Amino acid sequence: DQQVKQNSPSLSVQEGRISILNCDYTNSMFDYFLWYKKYPAEGPTFLISISSIKDKNEDGRFTVFLNKSAKHLSLHIVPSQPGDSAVYFCAASASGGSYIPTFGRGTSLIVHP
Amino acid sequence: DAGITQSPRHKVTETGTPVTLRCHQTENHRYMYWYRQDPGHGLRLIHYSYGVKDTDKGEVSDGYSVSRSKTEDFLLTLESATSSQTSVYFCAIADKGGSYNEQFFGPGTRLTVL
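Taken in sequence, the protein lines are chains A and B.
The working numbering puts the first sequence at residues 1 to 113.
The working numbering puts the second sequence at residues 1001 to 1114.
Here you go:
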């Protein structure tokens, strides 16, 4: 049973436009959410995070939105660049649990020049 | 970049042979993790460690064992490799186990079991 779901395996966007990657979760105990970015033949790297006490966190071109009532978060990339082409993983963890994050299956983003 | 190395980076082995993958860190981080990444499955936790000689199982631990005799090294062993263990293996570290803490990942080991 997937507790963190990324329902879109892939997303294709034109350079300069907005990319929106979505993530849904089922465990109401999750209170911290992270996005990781992964290029081929490399390990994932941390991108941005958000605590459940917030509904938005911004870092440059990257913004994460959290809708707790819907158990939904999204990562917005504006404007998208070809270098953003990668696999994006959503992860969630619960401070009252083992702190081990649960990962989604990833969304492959392709940004076309 | 966090100092994490994995060795070997690539390995081809035969079914039934033992395999050990090594993760080495220079950050003195307490927490270390082994994940596998497979198409359609994302990152799945195999085992993790919260200190020297302190380890616990993840969601896909069957067929794998780990050891951590020093802070800097975390070994993953496949006692008798099977084709289903063909995967890309990532080690990760974290300085705290708290929820508000990101992990740093190694470059990965691509393992092929024939």
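For every residue, glycine included, the Cβ atom is placed at its ideal position computed from N, Cα and C.
On a predicted model such as this, the values are computed, not experimentally measured, just so you know.
What first and last residue would you give for the beta strand (DSSP E) that runs through residue i?
i: V1066/B; result: Y1064 to K1070
i: F1090/B; result: S1087 to A1094
i: M1032/B; result: Y1031 to D1038
i: V1060/B; result: From DSSP, V1060/B is part of no beta strand (DSSP E); its letter is neither H nor E.
i: V1113/B; result: T1109 to V1113
i: R1022/B; result: V1019 to Q1025
i: Q14/A; result: S10 to Q14
i: T63/A; result: F62 to N67
i: D59/A; result: K56 to D59
i: R1051/B; result: It is worth fixing the name first, because residue 1051/B is Gly in this sequence and not Arg. First-last of the beta strand (DSSP E) with G1051/B: G1042 to G1051.
Enumerate in chain order the residues of its own chain whose CB-to-CB distance from residue i is below 6 Å, with the five nearest sequence positions on each side excluded.
i: D1095/B; result: H1029
i: S108/A; result: S10 and V87
Going by the beta-carbon positions, is the gap between residue i and residue j smaller than 7 Å?
i: F65/A; j: S74/A; result: yes
i: F103/A; j: L1043/B; result: yes
i: P113/A; j: P79/A; result: no
i: R1036/B; j: S1087/B; result: yes
i: Q3/A; j: N27/A; result: yes
i: V1019/B; j: A1081/B; result: yes
i: E1072/B; j: Q1006/B; result: no
i: S1049/B; j: T1055/B; result: yes
i: W35/A; j: I18/A; result: no
i: P1107/B; j: G43/A; result: yes
i: L1045/B; j: E1059/B; result: yes
i: I20/A; j: H76/A; result: yes
i: Q1103/B; j: A1092/B; result: yes
i: L1021/B; j: Y1064/B; result: no
Does the beta-carbon of residue i have 16 or more other beta-carbons within 10 angstroms, so that it is buried, or is it exposed?
i: S1069/B; result: exposed
i: H1010/B; result: exposed
i: A41/A; result: exposed
i: K54/A; result: exposed
i: Y1031/B; result: buried
i: Y39/A; result: exposed
i: S51/A; result: exposed
i: S1083/B; result: exposed
i: Q14/A; result: exposed
i: P1039/B; result: exposed
For the ligand ADP, is there a heavy atom less than 6 Å away from the beta-carbon of residue i?
i: E1102/B; result: As for the ligand ADP, it is missing from this structure, which has no ligand bound.
Give me the Cβ distance between residue i and residue j, rounded to the nearest whole Å; I'm assuming they're in contact under 8 Å.
i: P1008/B; j: T1077/B; result: That belief does not hold up - the Cβ atoms of P1008/B and T1077/B are roughly 14 Å apart, past 8 Å.
i: A94/A; j: F30/A; result: 5 Å
i: F33/A; j: A92/A; result: 5 Å
i: D24/A; j: K5/A; result: 5 Å
So that I know if they touch, is there some Cβ in chain D lying closer than 7 Å to that of residue i?
i: L1043/B; result: In summary, chain D is missing from the structure at hand, where the protein chains are A and B.
Within its chain, find whatever has a CB closer than 8 Å to the CB of residue i; leave out the 5 residues flanking it on each side and keep chain order.
i: S85/A; result: L109, I110 and V111
i: Y68/A; result: Note on residue identity: the sequence assigns Lys, not Tyr, to residue 68/A. Closer than 8 Å at the Cβ level, and outside the excluded window around K68/A, lie S52 and D55.
CB-CB under 7 Å to residue i, same chain, minus the five flanking residues each way: which ones, in chain order?
i: K1057/B; result: H1047
i: G1051/B; result: R1030
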